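Colleague:
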Amino acid sequence: MNKKLIASALVAGLVLPSVTAFTQPQNAQAKLSELAKYKSDEAIKAAEGKVKDANDALMMLLKKEGYKDLEKKHQELLEDAKVKVNKFEEEVKNSETKVKEAEGKLALAQLNVGKYTSTTKPSYTDEDLQTELMKVAKAEKELADLKEKLDMDKDALTVAQGAFALVEKHKAKELAEIKAAKKAVEDATTELNLAYLERYKAELEASKADGNTEDLEKARDKAGKALGMLLESVGNFKAKLEEAEKELRKAEFDYSEAARKLAVSGAKVGDPEYVNLLGDAQYYKAVAQYNKKYVDELKEALAYVESKVPGLSDNYLTKLNAEYGLTDTFTPGFAKKDGAWHYNKEDGTMAKGWVFDKGYNSWFYFDNDGKMAENTWRYVDGSWFFLNPGGYMAQNEWVKHTDGNWYYLKQGGYMAVNEYTPDGYLVDENGAWVK
Numbered sequence: 215m216n217k218k219l220i221a222s223a224l225v226a227g228l229v230l231p232s233v234t235a236f237t238q239p240q241n242a243q244a245k246l247s248e249l250a251k252y253k254s255d256e257a258i259k260a261a262e263g264k265v266k267d268a269n270d271a272l273m274m275l276l277k278k279e280g281y282k283d284l285e286k287k288h289q290e291l292l293e294d295a296k297v298k299v300n301k302f303e304e305e306v307k308n309s310e311t312k313v314k315e316a317e318g319k320l321a322l323a324q325l326n327v328g329k330y331t332s333t334t335k336p337s338y339t340d341e342d343l344q345t346e347l348m349k350v351a352k353a354e355k356e357l358a359d360l361k362e363k364l365d366m367d368k369d370a371l372t373v374a375q376g377a378f379a380l381v382e383k384h385k386a387k388e389l390a391e392i393k394a395a396k397k398a399v400e401d402a403t404t405e406l407n408l409a410y411l412e413r414y415k416a417e418l419e420a421s422k423a424d425g426n427t428e429d430l431e432k433a434r435d436k437a438g439k440a441l442g443m444l445l446e447s448v449g450n451f452k453a454k455l456e457e458a459e460k461e462l463r464k465a466e467f468d469y470s471e472a473a474r475k476l477a478v479s480g481a482k483v484g485d486p487e488y489v490n491l492l493g494d495a496q497y498y499k500a501v502a503q504y505n506k507k508y509v510d511e512l513k514e515a516l517a518y519v520e521s522k523v524p525g526l527s528d529n530y531l532t533k534l535n536a537e538y539g540l541t542d543t544f545t546p547g548f549a550k551k552d553g554a555w556h557y558n559k560e561d562g563t564m565a566k567g568w569v570f571d572k573g574y575n576s577w578f579y580f581d582n583d584g585k586m587a588e589n590t591w592r593y594v595d596g597s598w599f600f601l602n603p604g605g606y607m608a609q610n611e612w613v614k615h616t617d618g619n620w621y622y623l624k625q626g627g628y629m630a631v632n633e634y635t636p637d638g639y640l641v642d643e644n645g646a647w648v649k
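Those letters in the sequence shown? Residues 215 to 649, by this note's numbering.
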């Protein structure tokens with residue numbers, strides 16, 4: 215090799231293959247296989263570096279003071295915030311009592327003054343009148359001071375309740391950051407597994423080209439394990455996505471319930487009840503926002519893996535099985551095809567209608583084309599049912615329809631009609647909540 219060329223490459227920071235990196239190929243196929251193995255080795259090194267960097271970033275995040283004993287820290291902050299809330303709730307209560315007492319004193323003083331303005335001849339002197347008028351003025355001043363203190367106590371209570379809600383928001387934010395860091399590790403690990411799969415596939419090709427049966431069996435085993443790791447990674451992403459979607463649905467429902475309670479409470483702005491309800495609504499909204507972000511990140515990660523791993527398609531698995539003798543197994547349960555979820559039954563057929571999944575402990579509904587219904591209504595056997603985002607059947611919960619009305623889904627998923635719900639609200643003959 216030209217020495218000047220080597221020197222130029224080293225100065226430029228390029229990494230050249232060693233003299234022993236390639237064996238003398240016996241044919242073109244063997245040469246291509248050796249080149250593929252070399253490239254996959256480089257990809258593995260790069261992916262291993264990314265895994266290390268992602269793990270280091272996660273460890274640094276967990277070691278930060280803000281993330282040490284997160285649950286313990288969060289609980290301590292909550293307890294401290296709750297103490298302050300309780301304190302100012304008591305202050306507001308005491309101030310309200312004193313205001314009522316002061317209002318009574320003022321009313322009594324005004325009543326005494328009224329005696330001097332009656333049509334009958336007063337039996338009191340002017341000096342007595344002045345004394346009573348001074349009592350009225352004093353009572354008015356005391357009442358004004360107490361009302362001012364009550365307003366200050368209410369403001370302090372609002373601040374304390376806001377701090378309590380912020381603790382919950384802070385925890386949600388911290389957990390979201392940790393989840394994002396863990397996802398980065400998973401992304402890098404998936405990329406590493408992809409590199410390993412390419413490496414083992416290259417070994418398969420090389421073994422086939424050499425006609426070495428023993429090496430072919432070893433390479434086939436490695437490739438099968440690499441593909442298995444990728445499929446397991448995909449399964450983990452799907453499981454986490456399902457769990458994250460459940461958390462998101464719960465947060466969205468909690469927020470809608472809190473917003474509904476706030477709307478019908480009749481509480482005035484500044485009242486403790488109003489502040490409590492508003493704090494709940496703001497907290498659940500924040501949790502829903504963080505969960506929505508995490509769900510979107512998981513969906514992106516899953517899409518990335520599925521786009522990178524052709525082994526996720528049945529056709530490719532069949533091809534691998536035919537070419538390399540890898541096992542092509544059928545897995546019952548949820549399966550995504552053409553962007554929609556389906557359900558494979560134990561007998562290998564595609565499910566239609568209602569399906570109860572033990573893993574999620576929930577009912578799901580699949581249309582005649584096998585696609586799972588989600589975030590929509592279905593009229594089945596004379597009753598309306600609602601399938602939440604993620605497909606699980608709604609039950610024992612309120613659902614807000616696009617028409618602006620609220621509907622209640624009872625145990626078993628049936629929509630309540632012309633009756634009172636367990637929490638005491640009336641729904642009409644169409645199932646809509648009667649406000």
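We put the beta carbon where it would ideally sit given N, CA and C, even for glycine.
These numbers were taken from a predicted model, which means no experiment stands behind them.
1) Measuring alpha carbon to alpha carbon, tell me which of Lys363, Tyr497, Pro486 and Asn407 ends up nearest Ala260.
2) Pairing CB atoms from the segment 495-502 with CB atoms from the segment 462-481, are three or more of them under 8 Å?
3) For the beta strand (DSSP E) holding Ala549, just list the boundary residues, first then last.
4) Can you name, in chain order, every residue of its own chain whose Cβ lies under 6 Å from the Cβ of Val265, other than the five neighbours on each side?
5) For Phe302, count neighbouring Cβ atoms within 10 angstroms of its own Cβ and tell me buried if that reaches 16, exposed if not.
6) Classify Asp571 as helix, strand or coil using the three-state DSSP reduction.
7) What are the boundary residues of the beta strand (DSSP E) that Lys649 is part of?
8) Any idea what DSSP makes of Thr311, helix, strand or coil?
9) How should Lys454 be labelled, buried or exposed, when 16 other C-beta atoms within 10 angstroms of its C-beta is the threshold for buried?
10) Need the endpoints of the beta strand (DSSP E) that Asn644 sits in, please.
11) Going straight from the alpha carbon of Lys396 to that of Ala257, what length do you get?
12) For Glu487, collect the residues of the same chain with a Cβ closer than 7 Å to its Cβ; drop the 5 residues on either side in sequence, then sort them by chain order.
13) Flag this pair as yes or no: are the beta carbons of Val350 and Val313 separated by less than 8 Å?
14) Return helix, strand or coil for Asn610, following the three-state DSSP convention.
15) Name the two residues that bound the continuous beta strand (DSSP E) containing His556.
16) Could you check the C-alpha separation between Glu356 and Ala316 for me, to the nearest Å?
Modeller: Quick answer:
1) Comparing Cα positions, the closest option is Asn407.
2) Between the segment 495-502 and the segment 462-481, the count of Cβ pairs shorter than 8 Å is three or higher; the stretches touch.
3) From DSSP, the beta strand (DSSP E) with Ala549 extends over Gly547 to Lys551.
4) Hits under 6 Å: Ala402, Thr403 and Leu406.
5) Residue environment analysis places Phe302 among the buried positions, since at least 16 neighbouring C-beta atoms fall within 10 angstroms of its C-beta.
6) Strand at Asp571.
7) No beta strand (DSSP E) holds Lys649; DSSP gives it neither H nor E.
8) Helix at Thr311.
9) Counting of Cβ neighbours within 10 angstroms places Lys454 among the buried residues, the total reaching 16 or more.
10) Taken as a continuous stretch (DSSP letters only), Asn644 belongs to no beta strand (DSSP E), as it is neither H nor E.
11) Cα to Cα, Lys396 sits roughly 22 Å from Ala257.
12) Exclusion of the five residues before and after Glu487 leaves Ser479 and Ala481 as the residues of its chain whose Cβ lies within less than 7 Å of its Cβ.
13) Cβ atoms of Val350 and Val313: not closer than 8 Å.
14) Looking at Asn610 - three-state DSSP - the assignment turns out to be coil, as it is neither helix nor strand.
15) It spans Ala554 to Asn558 - the beta strand (DSSP E) in which His556 sits, taken as one unbroken run.
16) Approximately 7 Å between the Cα atoms of the pair.
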